[in-house]
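Colleague:
Numbering (my numbering), first residue to last: 7 to 225.
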């Protein structure tokens, strides 16, 4: 009799703990909030990157104003610009690591979406998932384009340290750099738009799931 009561109690405890556990919607909320936290390192790189880009742009303009008549000064400024390019590369790599950690964490919502019983809510969660996956894909293209631009910048500032540099070669390299950054800007615009779309869908999901999201963060 005692054994039977014990076994029934265990079954009840298991049943109750399952009922009291977090719902799939709550688990998704937890994952999405952690994703935002993991992207903090990404956000932390934005202002420093902009500052480095501004400094480098100023140096580039100085070099172009000097021309090859003051070659020693051109060499000095080109080396300084190269250092800034390398600093940008370090920060963009940190940014990338942050986004890949975010991507890995986000993948955890797949199994939770499958558990959602409400068809409309499951559809909203799937839409959210697709948008975020597009965001990650766009970011990876943006990262590749930015890395390519950095390589072209390095080539440019190395070329500027050569006294036998021809005008044709210089103009050709500058065109490559400019075209490369146009691609960066295009991907950046898509990424920003996709981020906005995701944040809107996330809030819609939270509201539809009737989750308390007063402290919710955005990407």
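Quick reminder that beta carbons are idealized off the backbone N, C-alpha and C, glycines included.
Could you tell me the boundaries of the alpha helix (DSSP H) in which residue 81 lies?
Modeller: Per DSSP, residue 81 belongs to the alpha helix (DSSP H) from 77-112.
Colleague: Quick one: measure Cβ to Cβ for residue 203 and residue 137, integer angstroms, because I've assumed they're closer than 8 Å.
Modeller: 5 Å
Colleague: Among 53, 37, 84, 201, which has the Cα closest to the Cα of residue 69?
Modeller: 84
Colleague: Return the chain-ordered list of same chain residues with a C-beta closer than 7 Å to the C-beta of residue 208, the five sequence neighbours on each side being excluded.
Modeller: 38, 134
Colleague: Considering residue 49, what are the terminal residues of the alpha helix (DSSP H) in which it resides?
Modeller: 46-50
Colleague: Skipping 5 residues on each side, what residues in its chain have a beta carbon closer than 7 Å to that of residue 122?
Modeller: 30, 31, 128, 131
Colleague: Using a Cβ-Cβ distance under 7 Å, would residue 63 count as near chain C?
Modeller: Going by chain labels, chain C is absent from the structure shown, which holds only one protein chain.
Colleague: Nearest to residue 104 by CA position, among 157, 49, 165, is which residue?
Modeller: 49
Colleague: Less than 6 Å between C-beta atoms, sequence neighbours within five positions excluded: which residues of the same chain meet that for residue 187?
Modeller: Closer than 6 Å at Cβ, skipping near neighbours: 155.
Colleague: Among the candidates 63, 71, 73, whose CA atom is the shortest distance from the CA of residue 91?
Modeller: 63
Colleague: In chain order, which alpha helix (DSSP H) runs of at least 4 residues are fully inside the region 119-196?
Modeller: 125-165
Colleague: Please state the DSSP three-state secondary structure of residue 207.
Modeller: helix
Colleague: For residue 171, which residues in the same chain have their Cβ closer than 6 Å to its Cβ, ignoring the five residues on either side in sequence?
Modeller: 165
Colleague: Got a sec? Which residues, its chain only, sit under 6 Å from residue 107 by beta carbon, not counting five neighbours each side?
Modeller: 44
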